[in-house]
Structure formats: structure tokens, C-alpha cells
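Colleague:
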Amino acid sequence: FRQRVSDLNLKGRFLDDHDLLRWIRARNHNLDQAEKMIRESIKWRENYDIDNILTWNPPERFLKELPLEFLGYDNENSPVVVASYGKWDLKKCADLGEKEEFNISQCRSGRHVLKSSSEL
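In the working numbering, the protein residues as written are 9 to 128.
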């Protein structure tokens, strides 16, 4: 599988055998589907510059109406975050054409929380 995706110049966590195996398992060990999935994911990450996501500023509305709060760590040392999705108007987001911005803001928020929590 690694040879099949070697042209992608994978780096960081995408290079690890364990992480490559996750793509294969996600597609029930179908290598063609796993390859398609990782290629689509890498393309999406490149299109939205996910590696530099912490420098992207989401719409102010997202920050005000959907704040995230880092509470600490659970018993397995995973970060615990609270987001009040139930109070947020996702239909308004779709109506305003902000679907991609919403997805990117969630990636950014997750990365920000993980980065912040690792600095504690």
C-alpha cells in the first residue's frame, strides 16, 4: 500500500505504518478504495491548506456563536472539549453557503485545542 501512494510524498503522521493501516481498515481492506480515500483526503487537505490551518481565521460568527471550551483531560489523557452544537443553527450555515468554512473551522478548532492542550 505504501508503494501505491508513494507519489503523494506523505509526511508526518501519514507515513507511519499504523496510520496507513487505518486507511486500509476504514475501507475493509480494499486497497483500491483505501488508496482512493487517502488521495481524496490529501487533495482536500491541500485545497484548504489544512497544514497551515491555525493561521486561517474563521468567520467571526463561528467564533461567537460556536465557541469551544477545553476542559482538561479524561482518564486516558485525551483532551475533553465542549461545543454547544445543539444551540447552533446549522441550516443557517448551509443557507449562507458556509459549509466548507464550517468544516474547516472545526478542523482548525480541533487542531487549536490539541495544540493548546499539549502546551499545558
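Just so it is clear, CB atoms sit at the ideal spot from N, CA and C, and this is done for glycine as well.
Since this is a predicted model, take the numbers as computed values, not measurements.
Quick check: what's the CA-CA separation for Asn83 versus Val89?
Modeller: By 1-based counting over the sequence shown, the position of residue 83 is 75. By 1-based counting over the sequence shown, the position of residue 89 is 81. Going by the C-alpha atoms only, they are around 14 Å apart.
Colleague: Whose CA, out of Arg12, Arg53, Leu23, lies closest to the CA of Arg116?
Modeller: Mapped onto the sequence shown, residue 116 falls at position 108. Among Arg12, Arg53, Leu23, the Cα nearest to that of Arg116 is on Arg53.
Colleague: Check whether the Cβ of Tyr56 lies closer than 8 Å to any Cβ atom in chain C.
Modeller: The chain inventory of the structure shown lacks chain C, comprising one protein chain alone.
Colleague: Closest to Leu39 by CA distance: which of Asp103, Val13, Phe22 is it?
Modeller: Sequence index remark: in the sequence shown, residue 39 carries index 31 (1-based). The residue with the shortest Cα to Cα distance from Leu39 is Val13.
Colleague: So is Leu74 buried or exposed if we call it buried at 16+ other beta carbons inside 10 Å?
Modeller: Taking the sequence shown and counting its residues from 1, the one referred to as residue 74 is at position 66. Buried, because 16 or more other Cβ atoms sit within 10 Å of the Cβ of Leu74.
Colleague: Could you give the uninterrupted runs of the alpha helix (DSSP H) lying entirely in the region 29–112, keeping only those of 4 residues or more?
Modeller: Whole alpha helix (DSSP H) segments, 4+ residues: 39–55, 68–73, 98–103.
Colleague: Within 10 Å of its beta-carbon, does Ser86 have 16 or more other beta-carbons around it, so buried, or fewer, so exposed?
Modeller: Residue 86 sits at position 78 when you count from the first residue of the sequence shown. The residue is exposed, with fewer than 16 neighbouring Cβ atoms inside 10 Å.
Colleague: Would you decide whether Leu28 is buried or exposed? Buried here means 16 or more other CB atoms lie within 10 Å of its CB.
Modeller: Locating residue 28 in the sequence shown gives position 20, counting from the first residue. That one is buried.
Colleague: Return the chain-ordered list of same chain residues with a C-beta closer than 6 Å to the C-beta of Ala91, the five sequence neighbours on each side being excluded.
Modeller: The count along the sequence shown starts at 1 and reaches residue 91 at position 83. Answer for Ala91: Leu76, listed in chain order.
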